[in-house]
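Chemist:
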Amino acid sequence: MKLELAGRVALVTGASRGIGLAIARMLATEGAHVALAARGRDDLKAACAKIGGSTSFHVADVTDPAAALAMAREVEKQWGRIDILICNVGSGASVPPGQETSAEWRRVMDLNLFATTNTIEAARPIMQRGTGDRAIVCISSICGLAALGAPVTYSAAKAALNATVRGLARPLAQEGIRINAVAPGNILFDGGTWARKLAEDKSGVEDMLAREVPLRRLGTPEEIADVAGFLASPRAAFITGTVIVADGGQLRA
């Protein structure tokens with residue numbers, strides 16, 4: 001299926017590795033101009049080199065609203081517009097359930113919720129000035145949809161992100177902008193949580209997959225990128241306000 005993304009301008013946050021990098025690579029393969037954003041300059045430069053094509057990189061910590069705004073303006077200055085926004089900043093690392101502190105709540109909310117709302121706020125005026133199909137895709141988690149034993153701070157932040165996507169769908173639609181989310185399950189990539197868990201306890205991970213995931217395997221960043229790319233494309237022009245699960249069947253609802 002051709003996604004009709006040639007010539008579109010996409011901004012991808014958290015793009016230096018994992019799911020973000022896979023999404024950036026897929027969009028570039030489809031012919032989009034891709035602006036990669038993350039906190040580490042060296043990792044971003046390496047990511048752009050891996051992708052090739054029409055790319056740029058932008059160093060920004062989008063948990064800071066001012067940094068998110070500067071990043072969005074920099075992308076507009078370089079590419080002239082933003083047609084697609086992929087909000088991928090986040091981390092599930094936190095304390096075990098019942099050990100939350102006010103400082104930890106703030107840290108995890110900043111990373112998993114406010115990084116996204118800051119980026120949307122920064123890019124929205126630029127996207128409003130655009131034409132044609134414009135789309136925002138947020139990377140959430142199945143932990144925001146069910147109690148799966150993940151850190152409570154992370155699960156709550158992703159649940160709030162899902163509510164944000166649903167709540168913004170109507171007002172953004174009036175501006176010609178669609179917004180959706182992808183909720184991945186367990187995704188394996190170098191340097192990620194599941195790579196570490198496999199190294200520490202491969203048999204434990206295999207037992208969990210056999211017990212909890214009907215497809216009995218971990219997902220790949222490329223599989224999430226395919227879903228995100230579809231949602232970002234005109235092929236999904238009648239879809240907004242949704243949270244699409246990609247978890248190998250782990251959720252039972």
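Just so it is clear: in the sequence shown, position 154 is 154 by our numbering, and no numbers are missing. Even for Gly, the Cβ is constructed at its ideal location relative to N, Cα and C.
With distance defined between alpha-carbon atoms, name the residue in Ala37, Ser141, Ala123 and Arg166 nearest to Leu251.
Modeler: As a working mapping, residue 251 is identified with position 251 in the sequence shown. For Leu251, the nearest C-alpha among the options comes from Ser141.
Chemist: Hey, would you say Ala115 sits closer than 9 Å to Cys87, going by beta carbons?
Modeler: For the purposes of this step, residue 115 is taken as the residue at position 115 of the sequence shown. For the purposes of this step, residue 87 is taken as the residue at position 87 of the sequence shown. In this structure, Cys87 lies closer than 9 Å to Ala115 by Cβ.
Chemist: Where does Ser203 land, buried or exposed, given buried means 16+ other C-beta within 10 angstroms?
Modeler: Sequence index remark: in the sequence shown, residue 203 carries index 203 (1-based). So Ser203 counts as exposed.
Chemist: Exposed or buried, which one is Glu206 when buried takes at least 16 other CB atoms within 10 Å?
Modeler: As a first step, residue 206 must be located in the sequence shown, where it is residue number 206. Glu206 comes out exposed.
Chemist: Can you check whether the CB of Thr63 is closer than 9 Å to the CB of Leu111?
Modeler: Walking along the sequence shown from the start, residue 111 turns up at place 111. Walking along the sequence shown from the start, residue 63 turns up at place 63. Cβ distance < 9 Å, so Leu111 and Thr63 count as in contact.
Chemist: With 9 Å as the threshold, decide whether the Cβ of Leu111 is near any Cβ in chain C.
Modeler: In the displayed structure, chain C is absent; only one protein chain is listed.
Chemist: Arg122 and Ala68 look like a contact to me (Cβ under 8 Å); what is the Cβ gap, rounded to whole Å?
Modeler: Here the question's residue 122 lines up with position 122 in the sequence shown. Here the question's residue 68 lines up with position 68 in the sequence shown. Note on residue identity: the sequence assigns Ala, not Arg, to residue 122. For a cut-off of 8 Å, the C-beta gap from Ala122 to Ala68 is around 4 Å, short enough to register as a contact.
Chemist: Taking the alpha helix (DSSP H) that Cys48 falls in, what are its first and last residues?
Modeler: Translated into positions along the sequence shown, residue 48 becomes position 48. Cys48: member of the alpha helix (DSSP H) spanning Arg41 to Ile51, first to last residue.
Chemist: Identify the continuous alpha helix (DSSP H) that holds Arg217 and give its terminal residues.
Modeler: Within the sequence shown, the letter at position 217 stands for residue 217. Unbroken run through Arg217: none, as it is neither H nor E.
Chemist: Counting Cβ pairs, one atom from each stretch, are 3 or more of them under 8 Å apart for the stretch 92 to 112 and the stretch 36 to 48?
Modeler: no
Chemist: The beta strand (DSSP E) with Thr242 in it runs from where to where?
Modeler: Reading the sequence shown from its first residue, position 242 is the one you call residue 242. No beta strand (DSSP E) contains Thr242, which DSSP labels as neither H nor E.
Chemist: To the nearest angstrom, report how far apart Ala28 and Glu4 are at their CA atoms.
Modeler: The residue labelled residue 28 in the question sits at position 28 within the sequence shown. The residue labelled residue 4 in the question sits at position 4 within the sequence shown. Spanning the two alpha carbons is a distance of roughly 12 Å.
Chemist: If the criterion is Cβ atoms closer than 9 Å, does the pair Ala22 and Leu36 meet it?
Modeler: What you label residue 22 is simply residue 22 of the sequence shown in a count that begins at 1. What you label residue 36 is simply residue 36 of the sequence shown in a count that begins at 1. No, these two residues do not count as a Cβ contact at 9 Å.
Chemist: Does the Cβ-Cβ distance between Val243 and Arg196 come in under 9 Å?
Modeler: Numbered from its first residue, the sequence shown carries residue 243 at position 243. Numbered from its first residue, the sequence shown carries residue 196 at position 196. No, these two residues do not count as a Cβ contact at 9 Å.
Chemist: In whole angstroms, give me the CA-to-CA distance for Leu188 and Lys158.
Modeler: Against the sequence shown, residue 188 aligns to sequence position 188. Against the sequence shown, residue 158 aligns to sequence position 158. Straight-line Cα distance between these residues: approximately 19 Å.
Chemist: Going residue by residue through the stretch 143 to 197, where are the continuous beta strand (DSSP E) segments of at least 3 residues, counting only ones entirely within it?
Modeler: Runs found: 177 to 184.
Chemist: Taking the beta strand (DSSP E) that Arg129 falls in, what are its first and last residues?
Modeler: Working through the sequence shown from its first residue, we reach residue 129 at position 129. Premise fails: Arg129 is in no beta strand (DSSP E) and is neither H nor E.
Chemist: Output the boundary residues of the alpha helix (DSSP H) element that contains Thr29.
Modeler: Translated into the one-based positions of the sequence shown, residue 29 becomes position 29. Gly18 to Thr29 is the extent of the alpha helix (DSSP H) around Thr29.
Chemist: How close, in whole Å, do the beta carbons of Asn180 and Val137 come, if the pair is a contact with beta carbons under 8 Å?
Modeler: Mapped onto the sequence shown, residue 180 falls at position 180. Mapped onto the sequence shown, residue 137 falls at position 137. That belief holds up - the Cβ atoms of Asn180 and Val137 are roughly 6 Å apart, short of 8 Å.
Chemist: Below 8 Å on the Cβ atoms is my contact criterion, and I expect Ala246 with Glu222 to pass it. Report the Cβ-Cβ distance as a whole number of Å.
Modeler: Taking the first residue of the sequence shown as 1, we reach residue 246 at position 246. Taking the first residue of the sequence shown as 1, we reach residue 222 at position 222. In this structure Ala246 is not in contact with Glu222, their Cβ atoms being roughly 11 Å apart against a cut-off of 8 Å.
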